[in-house]
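To get the working numbering, take the position in the sequence shown, counting from 1, and add 380. Worksheet for the structure shown next.
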Amino acid sequence: MASFVDAISTPGELDIFPVEFIGQVDYTISALGSSTAGGTLADPIVGVFDSAGNLLAYQDDSWALGSDPMLQFTAPVSGIYYIGVADAIGSTGTYTLVYDQTLPPPVVDTSTFLF
């Protein structure tokens, strides 16, 4: 898991973080602001861009985090991607960016039950 604390200091600002993702691996990306006490940013949004600057996915609000986003993203190929964080309503404040690989559910092997 990786996390960064940063701030949107100017309305309309977009913070960009380069990250290396592995192809066909699922990632969970969140920008934590005032809804989760991860910062003071009122309504963060998060997006993932490819190396050419094309927006591949984005998330605003999430059911689990209120007005803080939680994006599930599968990298199409291995390489450098860019996570962008901004505020949906143009406010300023601090946030915590968190991303990690999403672990698959465990596989149950029914042939080896002990009871």
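Idealized CB from N, CA, C, for every residue including glycine.
Let me confirm a value: residue i is counted as buried when at least 16 other C-beta atoms fall within 10 Å, else exposed. Which label applies?
i    : result
Q481 : exposed
T454 : exposed
A422 : buried
L369 : For residue 369 there is no data in the structure shown, the boundaries of the chain being 381 and 495.
Q439 : buried
V428 : buried
Nearest to residue i by alpha carbon, out of the options?
i    : options                : result
D430 : A466, G470, V399, G419 : V399
S383 : S410, D395, L483, Y438 : S410
E393 : A466, T474, L477       : A466
T416 : G470, I463, P486, D441 : D441
Mind checking who residue i pairs with in its DSSP beta bridge?
i    : result
A437 : V428
I469 : According to DSSP, I469 bridges with nothing at all.
L451 : I409
Please specify which runs of the beta strand (DSSP E), each continuous and at least 3 residues long, are wholly inside the region 381 to 424, giving them in chain order.
382 to 388, 395 to 401, 406 to 412
Taking 8 Å as the threshold, find out whether the region 452 to 459 comes into contact with the region 384 to 395 through three or more Cβ pairs.
no
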